[in-house]
Amino acid sequence: MVSTTERDYSLSQRDASLRQDFESLLERSFQSALKPGAIAVGEILRVEKDGLLIDIGGKSEGFVSIKEIHGCRTADDLRATFAPGQIHEFYIVGEHDNDATYYQLSLRRVAAFKNWDQLKELKEANATVDVIVAGSTKGGILVNVFDLKGFIPASQIRVAKTLNELVGESLPAKILEVDKAKNKLILSNRAAVFEAKAAMRAETLSRLHEGDLVSGEIVKVTDFGVFVDINGIDGLLPLSEISWRRINHPSEALELGQRLDVMVLTVDLVLQRISLTRKRLEADPWRTVDDHFHVNQELEGRITKTLGSGVLVELMPGIEAYCAFSGAGSKFFRLQETCGFRIISINAPDRRLTLEYRYDAAPPPEEASEDAAQNRDRELVAV
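Everything in the sequence shown is counted per the working numbering, starting at 14 for the first residue and increasing by one.
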């Protein structure tokens, strides 16, 4: 058993060794220039109610505000943690001038200062780091890594969740850009995920062929389509291949995180890309158009798009017909409005169906009720 005397002697030796190391650091810091953005070694001269007075050498003194010290909120916290004679490393926030006696110092920024260099080394080594999502913006997510704040653009996120849903979660990321001078840290979750799934992606590509039916999860929604994770590789399902029916944005038919069955259209082994289709899993409605429609048939359709010379009208899901303004008289068409039409011609091979507006078509219920109300008003006036 170690005696109390032996233990005290051992602790005394350790403190003496630490003191010698600190004094060596302190001497080297005295020889270096004291400037903002640098690290200085200093000795605590006095613990005050709102901070610490520090000797940083070269006949210079600095002051650490309590706001620049982790874990200290009150004067009691300061006195319980620090004492005159202690030596620490300090980050120089600003130089003193005619209006200030001391350098402005920080204890909490020392670790962050050193972490910039560590992140630079990790970037050069192409290492993966874990980040915590602190918030979201329109263009991406804000993350915390090594006590520093970084940013992952939306284009560099590879998770089947919305930006807001990611807040508080831990994500793997690769470092794209690290600039201590500009306080700039840009990362990529997408690159980290792709690296982790490289082997799976290569295997998937080697066995995929055009026409294969596969299942996957939507991991990204864009204006031009959605990306579907097919066993480690992101396949593009273009907007035009989602449905036979006209849709203006993928979100009208699909959502992030949704699982769906698709068919492989193309496989590019060089670029490691695959394109997908969903609508071709269903029969092309134009193949049976003659079974549903005939010339001179009168029917109703919904206005889906306005062109320079006319409008497109949806007669059934996947079947749109054209009606020229010249065949509609003074009629003003509104998007999503349902109107009466007559079929003029059908050309199934060329996927063309032409309409003319039915002037004698019954008005919509709302318009009919308005007309009835006006007629009643006229009758009352006549009476």
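Note that the Cβ used here is the ideal one computed from N, Cα and C, for glycine as well. All values derive from a computational prediction rather than experimental measurement.
On a CA-only basis, which of the options is nearest residue i? Give me that one, please.
| i | options | result |
| --- | --- | --- |
| Gly55 | Leu328, Gly75, Ile246 and Leu218 | Gly75 |
| Asp303 | Asp363, Gln271 and Pro263 | Asp363 |
| Ala198 | Leu155, His222 and Leu221 | According to the sequence displayed, residue 198 carries Leu and not Ala. The shortest C-alpha separation from Leu198 is found at Leu155. |
| Asn360 | Tyr335, Lys344 and Ser343 | Tyr335 |
| Arg365 | Glu108, Lys174, Gln349 and Val308 | Val308 |
| Gln131 | Glu350, Val191 and Tyr372 | Val191 |
| Gly152 | Gly70, Arg272 and Ala167 | Ala167 |
| Arg347 | Gly323, Ser358 and Arg355 | Gly323 |
| Pro330 | Met213, Gly314 and Gly245 | Gly314 |
| Glu134 | Lys48, Ile188, Ser119 and Gly340 | Ile188 |
| Gly107 | Glu327, Val280, Pro49 and Ile170 | Pro49 |
| Ile260 | Cys85, Asn244, Thr301 and Ile332 | Ile332 |
| Val114 | Val77, Gly321, Lys344 and Ile316 | Checking the sequence, you will find Thr at residue 114 rather than Val. The residue with the shortest Cα to Cα distance from Thr114 is Val77. |
| Ser358 | Thr87, Ala337 and Ala88 | Ala337 |
| Trp257 | Glu350, Arg300, Lys136 and Leu118 | Arg300 |
| Gly367 | Ala88, Leu118, Ile170 and Ala341 | Checking the sequence, you will find Thr at residue 367 rather than Gly. Looking at the Cα atoms, Ala341 is the closest of the given residues. |
| Leu9 | Asp89, Ile57 and Arg171 | This structure cannot speak to residue 9, because the chain is shown only from 14 to 396. |
| Glu216 | Glu327, Asp236 and Ile243 | Ile243 |
| Leu328 | Ala93, Phe126, Glu350 and Leu320 | Glu350 |
| Ile316 | His305, Pro298, Gln99 and Phe345 | Phe345 |
| Ala125 | Asn196, Glu137 and His305 | Asn196 |
| Leu320 | Ser339, Ala173 and Ile100 | Ser339 |
| Ala173 | Arg272, Thr87, Lys210 and Ala211 | Arg272 |
Cutting at 8 Å between CB atoms, please list the residues of its own chain near residue i, excluding the five before and the five after it.
| i | result |
| --- | --- |
| Met276 | Gly224, Asp225, Leu226, Val227, Leu289, Thr290, Arg291, Arg293 and Leu294 |
| Asn177 | Ser149 |
| Asp274 | Leu226, Val227, Ser228, Arg291 and Leu294 |
| Ile255 | Gly238, Val239, Pro263, Ala266, Leu267, Arg291 and Lys292 |
| Phe95 | Ile57, Val60 and Leu65 |
Any idea which residues DSSP pairs residue i with across the strands?
| i | result |
| --- | --- |
| Asp242 | Glu230 and Asp247 |
| Val77 | Leu65 and Leu118 |
| Asn157 | Ile145 and Lys162 |
| Val191 | Leu198 |
| Thr319 | Val324 |
| Tyr370 | Phe354 |
| Val302 | According to DSSP, which records beta bridges pairwise, Val302 is partnered with nothing at all. |
| Ile57 | Ile67 |
| Ala186 | Val142 |
| Thr290 | Met276 |
| Gly314 | Cys352 |
| Thr150 | Gly153 |
| Arg365 | Asn360 |
Can you name, in chain order, every residue of its own chain whose Cβ lies under 7 Å from the Cβ of residue i, other than the five neighbours on each side?
| i | result |
| --- | --- |
| Asn128 | Phe159, Asp160 and Leu161 |
| Arg121 | Glu81, Ile82 and His83 |
| Glu102 | Ile52, Val54 and Val123 |
| Arg59 | Leu66 and Pro97 |
| Ala205 | Thr141, Pro185, Ala186 and Lys187 |
| Leu221 | Val277, Val280 and Ile287 |
| Gly47 | Before going on, a small fix: residue 47 reads as Leu here, not Gly. Closer than 7 Å at Cβ, skipping near neighbours: Ala53, Ile69, Gly71, Ser73, Ile105 and Tyr116. |
| Val146 | Ile154, Val156, Leu179, Val180, Gly181, Glu182 and Leu184 |
| Asp236 | His262 |
| Cys85 | Ile79, Leu91 and Thr94 |
| Lys210 | Gly245 |
Give the C-beta separation of residue i and residue j to the nearest angstrom, bearing in mind that I take them to be a contact with Cβ-Cβ under 8 Å.
| i | j | result |
| --- | --- | --- |
| Ile165 | Asn139 | The Cβ separation is near 17 Å, so there is no contact. |
| Ile231 | Gly181 | No, Ile231 and Gly181 are not in contact; Cβ-Cβ is about 22 Å, not under 8 Å. |
| Val144 | Leu184 | 6 Å |
| Leu284 | Leu218 | Not really, about 10 Å apart at Cβ, beyond 8 Å. |
| Val241 | Leu250 | 6 Å |
| Asp403 | Ile79 | Residue 403 is absent from the structure shown; the chain starts at 14 and stops at 396. |
Take residue i and list the residues in its own chain whose beta-carbon comes closer than 6 Å to its own, dropping the five residues that flank it on each side.
| i | result |
| --- | --- |
| Lys318 | Leu325 |
| Gly163 | Val156, Leu198 and Leu200 |
| Ala375 | Low local confidence applies: a pLDDT of 49 at Ala375 is under 50, so the model's placement there is unreliable, with the coordinate-based value given in what follows. Same-chain partners within the cutoff: there are none. |
| Arg355 | Glu311, Glu369 and Arg371 |
| Cys352 | none |
| Ile208 | Reading the sequence as shown, one finds Glu at residue 208 and not Ile. No residues qualify anywhere along the chain. |
| Lys233 | Phe240 |
| Lys13 | As displayed, the chain neither begins before 14 nor continues past 396, which places residue 13 out of reach and without an answer. |
| Arg214 | Gly245 and Ile246 |
| Ile170 | Asn202 |
| Phe43 | Note that Phe43 scores a pLDDT of 47, beneath 50, so its modelled location is shaky; the value from the coordinates is reported in the next line. Once the five neighbours on either side are set aside, the close Cβ partners of Phe43 are Gly70 and Gly71. |
| Arg92 | Val60 |
| Lys136 | Ile188 and Val191 |
| Pro298 | Trp257, Gly331 and Ile332 |
| Gly248 | Val241, Ile287 and Leu289 |
| His10 | The first residue shown for the chain is 14 and the last is 396, placing residue 10 beyond what the model contains. |
For this session: Ignoring anything shorter than 3 residues or poking outside the region 250 to 284, list the beta strand (DSSP E) runs there in chain order.
Result: 272 to 281
Problem set entry | Contiguous beta strand (DSSP E) assignments of at least 3 residues, all confined to the region 326 to 356 | 332 to 337
Exercise. Along the chain, which unbroken stretches of the alpha helix (DSSP H) at least 4 residues long are found entirely within the region 80 to 143?
Worked result: 88 to 94 and 121 to 137
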